[in-house]
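Trainee: Residue numbers (full-length UniProt numbering), protein chains in the order written: chain R, 1 to 509; chain F, 1 to 348.
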Amino acid sequence: MSDSDSDVASSVGDIIEETSEPDTTTFKCLFCEKEWNRVPEMFAHCQSEHKFNVESTIKDLGPGCDDLTIIKLVNYLRTETKKGTDPEKIDVTLEILADDIYLQPTFEDDSLLFEMGDFMPDFNEGDKPRDYDDYEKALKEKVPDDLDKIRLDDHRDTSYFESYKGAGIHREMIEDRVRTEGYRDFIEKNVDLFKGKTVLDVGCGTGILSLFCARAGAKKVFAVDNSDIAVRAKEIVKKNGYDDRVEVIQGKIEDFHTQRLIGTGKVDIIISEWMGYGLLFEGMLDSVLVARDLYLKRDGLMVPSHCTLRVAPVSDSEWISEQTGEKFWNDVYGFDFSPMLGGGLLGDKDIGVYDVPSKAICGSASTFYTIDIANVTLKELDFTAPFSTTLEKEIESLDAFAIWFDTFFMPPGSKQDLEAGDVLNWGKNGEQGWAFSTGPVGTPTHWHQAVLQLKKEDRVKGLRKGSTLKGNITYKKERGDVRGIVVDVTWEGEGADGPISGTLSRTMA
Amino acid sequence: MAHNAAPVEANHKAGDAISALAHSEAHYFNSYNHHGIHEEMLKDEVRTRSYRDAIYQNGHLFKDKVVLDVGCGTAILSMFAVKAGAKHVIGVDMSTIIEKAKEIVEANGMSSKITLLQGKMEEVELPYPKVDIIISEWMGYFLLYESMMDTVLYARDKYLVKDGLIFPDKATIFMAGIEDGEYKEEKIGFWDNVWGFDYTPLKRTALTEPLVDTVDIKAVATDPSAVITFDLYTVTVADLAFTKEYTINVRRSDFVHAIIAWFDIEFSACHKPIRFSTGPHTKYTHWKQTVFYLQDVLTVEEGETITGVLTNKPSEKNHRDLDIKITYRLNTEDMHRQAEGEGVYKMC
Numbered sequence: 001m002s003d004s005d006s007d008v009a010s011s012v013g014d015i016i017e018e019t020s021e022p023d024t025t026t027f028k029c030l031f032c033e034k035e036w037n038r039v040p041e042m043f044a045h046c047q048s049e050h051k052f053n054v055e056s057t058i059k060d061l062g063p064g065c066d067d068l069t070i071i072k073l074v075n076y077l078r079t080e081t082k083k084g085t086d087p088e089k090i091d092v093t094l095e096i097l098a099d100d101i102y103l104q105p106t107f108e109d110d111s112l113l114f115e116m117g118d119f120m121p122d123f124n125e126g127d128k129p130r131d132y133d134d135y136e137k138a139l140k141e142k143v144p145d146d147l148d149k150i151r152l153d154d155h156r157d158t159s160y161f162e163s164y165k166g167a168g169i170h171r172e173m174i175e176d177r178v179r180t181e182g183y184r185d186f187i188e189k190n191v192d193l194f195k196g197k198t199v200l201d202v203g204c205g206t207g208i209l210s211l212f213c214a215r216a217g218a219k220k221v222f223a224v225d226n227s228d229i230a231v232r233a234k235e236i237v238k239k240n241g242y243d244d245r246v247e248v249i250q251g252k253i254e255d256f257h258t259q260r261l262i263g264t265g266k267v268d269i270i271i272s273e274w275m276g277y278g279l280l281f282e283g284m285l286d287s288v289l290v291a292r293d294l295y296l297k298r299d300g301l302m303v304p305s306h307c308t309l310r311v312a313p314v315s316d317s318e319w320i321s322e323q324t325g326e327k328f329w330n331d332v333y334g335f336d337f338s339p340m341l342g343g344g345l346l347g348d349k350d351i352g353v354y355d356v357p358s359k360a361i362c363g364s365a366s367t368f369y370t371i372d373i374a375n376v377t378l379k380e381l382d383f384t385a386p387f388s389t390t391l392e393k394e395i396e397s398l399d400a401f402a403i404w405f406d407t408f409f410m411p412p413g414s415k416q417d418l419e420a421g422d423v424l425n426w427g428k429n430g431e432q433g434w435a436f437s438t439g440p441v442g443t444p445t446h447w448h449q450a451v452l453q454l455k456k457e458d459r460v461k462g463l464r465k466g467s468t469l470k471g472n473i474t475y476k477k478e479r480g481d482v483r484g485i486v487v488d489v490t491w492e493g494e495g496a497d498g499p500i501s502g503t504l505s506r507t508m509a
Numbered sequence: 001m002a003h004n005a006a007p008v009e010a011n012h013k014a015g016d017a018i019s020a021l022a023h024s025e026a027h028y029f030n031s032y033n034h035h036g037i038h039e040e041m042l043k044d045e046v047r048t049r050s051y052r053d054a055i056y057q058n059g060h061l062f063k064d065k066v067v068l069d070v071g072c073g074t075a076i077l078s079m080f081a082v083k084a085g086a087k088h089v090i091g092v093d094m095s096t097i098i099e100k101a102k103e104i105v106e107a108n109g110m111s112s113k114i115t116l117l118q119g120k121m122e123e124v125e126l127p128y129p130k131v132d133i134i135i136s137e138w139m140g141y142f143l144l145y146e147s148m149m150d151t152v153l154y155a156r157d158k159y160l161v162k163d164g165l166i167f168p169d170k171a172t173i174f175m176a177g178i179e180d181g182e183y184k185e186e187k188i189g190f191w192d193n194v195w196g197f198d199y200t201p202l203k204r205t206a207l208t209e210p211l212v213d214t215v216d217i218k219a220v221a222t223d224p225s226a227v228i229t230f231d232l233y234t235v236t237v238a239d240l241a242f243t244k245e246y247t248i249n250v251r252r253s254d255f256v257h258a259i260i261a262w263f264d265i266e267f268s269a270c271h272k273p274i275r276f277s278t279g280p281h282t283k284y285t286h287w288k289q290t291v292f293y294l295q296d297v298l299t300v301e302e303g304e305t306i307t308g309v310l311t312n313k314p315s316e317k318n319h320r321d322l323d324i325k326i327t328y329r330l331n332t333e334d335m336h337r338q339a340e341g342e343g344v345y346k347m348c
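1) Look at the alpha carbon of F/Lys244 and the alpha carbon of F/Ala81, and state the distance between them as a whole number of angstroms.
2) Looking only at its own chain, which residues have a Cβ that is under 7 Å from the Cβ of R/Lys72, when we skip the five neighbours before and after it?
3) Could you name the residues of the stretch 261-294 of chain F whose beta carbon sits closer than 9 Å to any beta carbon of chain R, in the order they occur along the chain?
4) Look at the alpha carbon of R/Ser315 and the alpha carbon of R/Asp488, and state the distance between them as a whole number of angstroms.
5) DSSP three-state label for F/Lys184, please.
6) Please list the residues of the stretch 233-262 of chain R that have a C-beta atom closer than 8 Å to any C-beta atom in chain F, keeping them in chain order.
7) Could you give the uninterrupted runs of the beta strand (DSSP E) lying entirely in the stretch 194-243 of chain F, keeping only those of 3 residues or more?
8) Specify whether the stretch 289-308 of chain R and the stretch 408-424 of chain R touch according to this definition: at least 3 beta carbon pairs, one from each stretch, less than 8 Å apart.
9) Closer than 6 Å by C-beta to R/Lys195: which residues in its own chain qualify, once you throw out the five before and the five after it? Chain order, please.
10) For my contact list, R/Lys266 and R/Thr367 are in at a C-beta cut-off of 8 Å; report their separation, rounded to the angstrom.
11) Please state whether DSSP places F/Tyr293 in a helix, a strand or coil.
12) Taking DSSP's pairing of strands, which residues face F/Met175 in a bridge?
13) Once you ignore the five residues that flank F/Val152 on each side, which residues in its own chain have a CB closer than 6 Å to its CB?
14) Skipping 5 residues on each side, what residues in its chain have a beta carbon closer than 7 Å to that of F/Thr305?
15) I want to see whether chain R comes within less than 8 Å of F/Lys154, judged by CB atoms only; does it?
16) Which stretch, first to last residue, makes up the alpha helix (DSSP H) that contains R/Cys213?
17) Mapping DSSP to helix, strand and coil, what is R/Trp434?
18) Which partner residues of F/Arg329 appear in the DSSP bridge assignment?
19) R/Val451 touches chain F at which residues, Cβ-Cβ below 7 Å?
20) What residues of chain R sit near F/Glu103, judged by a beta carbon separation below 9 Å?
21) Considering only residues of the stretch 188-271 of chain R, which uninterrupted beta strand (DSSP E) runs meet the minimum length of 3 residues and lie entirely inside it, listed in chain order?
22) Going along chain R, which residues have a C-beta under 7 Å from F/Asn312?
23) Return the residues of the stretch 190-208 of chain F that lie within a Cβ-Cβ distance of less than 7 Å from chain R, sorted by chain order.
24) Run down chain F in chain order and give the residues with a C-beta less than 8 Å from the C-beta of R/Thr180.
25) Based on Cα-Cα distance, which residue from R/Phe405, R/Asp497 and R/Gly325 lies nearest to R/Ser437?
26) Counting only beta-carbon atoms, is R/Val487 nearer than 8 Å to chain F?
27) Beta carbons nearer than 7 Å to chain F: which residues of the stretch 92-106 of chain R have them?
28) At the level of alpha carbons, what is the spacing between F/Leu68 and F/Met148?
29) On a Cα-Cα basis, can you pick out the residue from R/Asp243, R/Gly462, R/Pro386 and R/Leu211 that is closest to R/Ile473?
30) Counting along the chain, where does the beta strand (DSSP E) carrying F/Arg49 start and finish?
31) Using the DSSP secondary-structure output, state which residues sit across from F/Lys313 in a beta bridge.
32) I want to know whether the stretch 312-332 of chain F touches the stretch 264-274 of chain F - three or more CB-CB distances under 8 Å.
33) Measure the alpha-carbon distance for F/Val212 versus F/Arg204 and round it to whole angstroms.
34) Give the secondary structure of R/Ser501 by DSSP, where H, G and I count as helix, E and B as strand, and everything else as coil.
35) For F/Thr72 versus F/Ala54, is the C-beta distance shorter than 8 Å?
36) How far does the beta strand (DSSP E) with R/Gly352 in it reach, from first residue to last?
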């Protein structure tokens, strides 16, 4: 490796992805340039401005009109509009829409094609449940072989997905026993939840979670990953004889192609290992929430179901100076490199990722945020929440905050108090479901802990055992980089020489 | 989690959870902790001392000269050059590390002697139209992976005076065969049974990923074989894609599970030539060695040879990635042990 890390700097641009927040998506009217973000409003506009009643047109097509027909209808109407045909004069019949040419989007990135559910109100309601096998059979008959070619593609974040395709990183994740066994144990202890169910695995990687679900008796598992690893996942699934039940789909969760294969409102369970450093780094939960809103049946199960974020104070100046390389930078081959200090491995700007030794933790862990994955909204992933910790020993100085998360797998309808159980010994005292921790006590995981170091001048002198440190923690997305996060901490407490307080802001990008 | 995947790194002899952690750490810091990289490189004594000695011991070459430091990073080489008597040093780097480098140069009272520019070599404007000496630490894993040699060659062609000097100016890639049964089994065999599932499709992927790792000299069963030398005064960017035949002489009877590669670097302009090696026979460097596992296991006897062709070219899809092909043939009279094959690898 060379002295320059220019490649690192330049790759940053590649991983910026447009946010996929559903409510900000807009699409064009079927007949004019006007942009809309809600389908019913556009329908009303089509009726009043263009004298075209979309709903009655669909109704008139009769029972032979399915979701594929709707997609074709949109493309057909757009094609006709492009030709300049007056909306009132467009002839809509099932015969015309039988032509597969209308599976081809009329224009690229047509967001309206992502809103199919709104065209068929009963599609989402569940009062007309469809048998999955019929649905799949129908799809197989109707989907042309070259459907891949009409996939709406997006190359913006290729490098993020590409980095996941090698064997090394997957091995690292599979070998993280706390992680993999956490998922496996929940599935194997709760086979009744999976038996005969339809499951969606978001970001399936090598497919290990899909295989666990299939082995537990799931009727059908959709395993979706945008990385090239999907190709290997497919082979692995086949090799293990589960290819009749596990369908690997290479693509993004919100892709037209993916939606076509899964259908909306269809799955009973969504399973995903989406957690990043500090829980939310990389923002993969966003995709899981999109998947939830698109595909999960009402009252469907999210696996895992909850994550809690916890914080604890750190006091261990020796450990910190080891991590910052203080000694090293003061004399490099006779030169003064001290400007490198404070921006080093554990800096005043970045969030570091470390296995914090438990002796460095000097106060109680405080749960400051709980994410109920079945109900949380995208907006709630940017938040400010209070914390309160009690010092467990007398400390010389407060040096840093360590943040980690615990992951919970609760069965449907569980009333389990997540706070009440011991995450490291979950189930031993009759707690429901399953859980694992990524905290400083217990087996290290590949997530380690997120460490936010205080500036040297902010290190508070002399805090007494038993005193309380209170404050707020803010999580927000890094501007212009949906995968990055900014974490702010404010705190106040009672120091040996009167009240103390401070703030810090650190990023992971 | 990493965006910018580095080649898989692991501690060769501790193939357990610890290596997984070390790996993840490396991944994390390689991807987005800039300072970690600089600390690692500066702490690489073989590297930094060789540059320091090559520069300090040749004050007569540097005195009153204009020097260009390509990919200067924290500017350590630039400061070496100033101490050796250079009239002025220009350091160029694309990374934001240049801001730190400016502070460091200031802290060491060299701001008037060193001009630091952030940007691409092709785009920055140098304060001098020509330079007398180019210094650069451009080498990557396997010499050429994510290397900046092409940037050095651009700087040479545009800025170096006739008869100007390049530090270093020679780089040679070596290959050898190693016995590595235990680790190969650990690394590749892992995929046979993953939580009760057959994961063998990933075996193929694992075999195509060269491993950057330290190899114990005891594992080396052959003599080293020099495959290709780049002379920085004459090499062109086109030469970085190459196909070269090689012959490796077997030193002892053993199994060969992998071919390894490393490189040596030479500063031949020096009064007393200075060179360093990144091979398994000498002190650790952060470049370690690159391990290419073979599909077969070769059973070799002393005195036999392994011959074949090493092909390297930048990947068409992403020119930072390398497509490497190694064909091999064990030349033996024993027909039961005769073997030949080819391995296709990608460094990305």
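Virtual Cβ for every residue (Gly too), placed ideally from N, Cα, C.
Mentor: Working from what's here:
1) 36 Å
2) Leu97, Tyr102 and Leu103
3) His286 and Trp287
4) 19 Å
5) Three-state result, F/Lys184: helix.
6) For the stretch 233-262 of chain R, the beta-carbon criterion of a distance under 8 Å to any beta-carbon of chain F is satisfied by Glu235, Ile236, Lys239 and Asn240.
7) 211-213 and 225-231
8) yes
9) Gly217
10) So it is not a contact: roughly 34 Å between Cβ atoms.
11) Judged by DSSP in its simplified three-state form, F/Tyr293 adopts strand.
12) F/Ser225 and F/Ala261
13) Excluding residues within five positions, the ones whose Cβ falls inside 6 Å are Val70, Ser136 and Trp138.
14) Thr247, Ile248, Asn249, Val250 and Asn331
15) A small correction: the amino acid at residue 154 of chain F is Tyr; Lys does not occupy that position in the sequence shown. Closer than 8 Å: no.
16) Ile208 to Arg215
17) In the three-state DSSP reduction, R/Trp434 falls in the strand class (E or B).
18) F/Thr307 and F/Glu340
19) Neighbours of R/Val451 on chain F: none; closest Cβ ~12 Å, over 7 Å.
20) Ser338, Pro339 and Met340
21) 198-202, 220-225 and 246-250
22) What F/Asn312 touches in chain R: nothing, since even the nearest Cβ is about 18 Å away.
23) Phe190, Val194, Trp195, Phe197, Asp198, Tyr199, Thr200, Pro201, Leu202, Thr205 and Ala206
24) Trp195
25) Of the candidates R/Phe405, R/Asp497 and R/Gly325, the one whose C-alpha sits nearest the C-alpha of R/Ser437 is R/Phe405.
26) no
27) Those residues of the stretch 92-106 of chain R placed with their C-beta closer than 7 Å to a C-beta in chain F do not exist.
28) Rounded to the nearest whole angstrom, the C-alpha separation of F/Leu68 and F/Met148 is 14 Å.
29) R/Pro386
30) Run containing F/Arg49: none in the beta strand (DSSP E); it sits in the alpha helix (DSSP H), Glu45 to Tyr56.
31) Per DSSP, F/Asp323.
32) no
33) 18 Å
34) strand
35) One point to set straight first is that residue 72 of chain F is Cys, not Thr, in the sequence displayed. No, they are not a contact pair.
36) Gly352 to Tyr354
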